[in-house]
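Numbering (my numbering), first residue to last: 270 to 968.
This report concerns only the one structure given below.
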């Protein structure tokens, strides 16, 4: 969830906040494994690729040998993606002109070469927020913006809610209620803003809404145990060489040794020889909607161990029915394009990886982003083909990109601030269909005087029956109004297809609409389809197909044996598959709870612990559940296990002691607090709690 700075966090990014307040009825702090005749294999030890900050050398070192590529990169939008305020071009107006909100005045200021926002809440003293980092430079043709960060008291760098639009030349902000971008005005209060007070942080950290690792190179955030403040470190706020190539230290060492010309291992892997999906993964580290599986990602580590590109589809629909991204990360549309599904197209077939300028698939530079060479390298029969374009040669209407990759305003941000991005589904213009799903079609952009019906009629007149959609996408559309689970399964569960993101999306729709937690009777056809899907080489499709079998049919002995065997065979994929599986079940359990179906929520949480018994946040949620039932012994059991997992977490000792006090068990409460004080002897909250307990014991 790429994650754009202004994209509202999905449930997976923020669920650790919300879930700690959820309660469900639960029969124990363990999973369901102990009651089953077939026990699942234990979680395999996980070891991450060892990469440290010291393994990175920075772009300037790379430029010492690779000068041509370095100079191209330096002038690219990656090279100019961001930086400290004194090192980048500030396009925003820090001119002292006040921005008036309903409840405050915010004044962008430049003083002594530094940039500030002076905040004057109505009737309260003014305070200043210094800008410590800048992201963006208004580079994008369809609407460019610039964003600013502040250093928070806890050491994190937080995104400020005041953005600047280059195209409109105005300041704007994102609203909390609908997430739209709106020009700042007296109709809007600071308290209406999605990011006020500033909460979204640079980098990635549990318990924080964040920008993940996209808006800086090699950004890490870690708690300093001595100062109890976070330390945010990065190589640069641009997107540097090692963001794609990985850490360069070993490469530099090897290349400075005599005879390095004969070395087989040069300390870096060639990106030119990557497979189609591996090449795309490099770009999707930032340019895709994704959810974090675990903290600690840094360039060079395996992305699938840290992020899932398809997990967000379970929590909320991110695409139109035909696969176009509704919010941010328009580049992810590529996964729905025929050029990807039935071809070999990657990002670098059109974008030069260093300059980011346009090129054809043979590497020949192109004159502009609208040059037909992006397409005719693979489709030479359409070169200078008025028979195909139905428009005069060299007119806008004859350009491949104008018809198949039109610039569409991102729906998620509203219409007030320009933010149009090229449609990477590379779709065929379908005027009537596009209008039915709320999209402006390519024809409309030029022929605004024609109605949708007229545009549709002309398209049919010229081309007759249009090329059919991909079978998985068409089946998804056909299934929207189907209520019969057998028909829906035939449409939504297609194991023989080759369209992983569409297959995962269809699977999630089937789960939400037709599967229930622990169904007593399983349809053999559905079970067989899910088994076949679970053999996918795509880690998301595999994990969520296994999750679906476990969720709906986990009591079926044949299914359980299949799940056991699949878990046993995961090997290096044990962690990424289990992690996706658990988060999926956790989400489904939450939805059941919100709908007051507590028994089904129980099943989901039991199953989650069956796959990962020490999942911290599942256990934390259970503790909250038992506390509200109340079931003191079960609550205590959960907290004791939580303390085993995170003995440094002082809040756990406080919570457990509160539980004991509420049950009249002051002695147990004192022992708990004393255990906490052994960890943190000077903690004032623990000391205050101990005083309270001693008072209760004396009474």
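Virtual Cβ for every residue (Gly too), placed ideally from N, Cα, C.
- Shown here for residue 896: same chain residues with a beta carbon closer than 7 Å to its own, the five before and five after excluded, namely 904 and 928 in chain order.
- Considering only 856, 855, 857 and 814, the residue with the shortest C-alpha distance to residue 836 is 814.
- Residue 370 and residue 377 do not touch by the CB rule: their CB atoms are close to 13 Å apart, not below 8 Å.
- Cβ neighbours of residue 325 within its own chain (closer than 6 Å, five residues either side excluded): 487, 504, 511 and 516.
- Here the C-alpha atom of residue 780 lies approximately 18 Å from the C-alpha atom of residue 829.
- Scanning 945, 924 and 847 for the CA closest to the CA of residue 314 turns up 847.
- When Cβ pairs closer than 8 Å are counted between the two stretches, the stretch 803-812 is seen to touch the stretch 757-769, the count reaching three or more.
- The DSSP-derived three-state label of residue 588 is strand.
- For residue 691, no alpha helix (DSSP H) encloses it; the enclosing beta strand (DSSP E) starts and ends at 689-691.
- Segment contact: the stretch 675-689 against the stretch 590-602, three or more CB-CB distances shorter than 8 Å; contact assigned.
- Contact check between the stretch 560-576 and the stretch 729-738: fewer than three CB pairs, one atom from each, fall below 8 Å, which does not count as touching.
- By the 16-neighbour rule on beta-carbons within 10 angstroms, residue 875 is buried.
- The three-state secondary structure of residue 394, taken from DSSP, is coil.
- In terms of Cβ geometry, residue 490 and residue 473 form a close pair [threshold 8 Å].
- Residue 402 has 418 as its beta-bridge partners, per DSSP.
- Taking 8 Å as the cut-off, the beta carbon of residue 686 is found closer than this to the beta carbon of residue 437.
- As far as DSSP is concerned, residue 338 takes part in no beta bridge.
- Burial is judged here by how many other beta carbons sit within 10 angstroms of a residue's own beta carbon; residue 915 has fewer than 16 and is exposed.
- Annotation for residue 370: no beta strand (DSSP E) segment contains it, and DSSP assigns it neither H nor E.
- In this structure, the straight-line span from the alpha carbon of residue 658 to that of residue 669 is close to 8 Å.
- Cβ-Cβ distances below 7 Å link residue 640 to 627 in the same chain, with the five nearest sequence neighbours on each side left out; the list follows chain order.
- Note on geometry: alpha-carbon atoms of residue 671 and residue 409 lie some 17 Å from one another.
- Listed in chain order, the alpha helix (DSSP H) elements of length 4 or more contained wholly in the stretch 839-888 are 843-863 and 867-880.
- The stretch 620-637 and the stretch 323-341 touch, with three or more beta-carbon pairs separated by less than 8 Å.
- Around the CB of residue 601, 16 or more other CB atoms lie within 10 Å, so the residue is classed as buried.
- Looking at 941, 442, 456 and 468, the one whose alpha-carbon comes closest to that of residue 424 is 468.
- By the neighbour-count criterion, in which a residue is buried when 16 or more other Cβ atoms sit within 10 angstroms of its Cβ, residue 433 is buried.
- With a cut-off of 8 Å on Cβ pairs, the stretch 543-557 is in contact with the stretch 610-620, counting three or more such pairs.
- Here residue 604 carries a helix assignment [DSSP, helix/strand/coil].
- With three or more CB-CB distances shorter than 8 Å, the stretch 850-859 counts as touching the stretch 869-889.
- Residue 439 has 434 as its beta-bridge partners, per DSSP.
- Residue pairing by DSSP places residue 678 opposite 689 in a beta bridge.
- If you keep only unbroken alpha helix (DSSP H) runs of at least 4 residues inside the stretch 752-798, you get 754-761 and 769-783.
- Rounded to the nearest whole angstrom, the CA to CA distance from residue 310 to residue 384 is 56 Å.
- Judged by beta-carbon spacing, residue 654 lies beyond the 8 Å limit of residue 661, meaning their Cβ atoms are not closer than that value.
- The beta carbon of residue 460 is closer than 7 Å to those of 372 in its chain, skipping five residues each way along the sequence.
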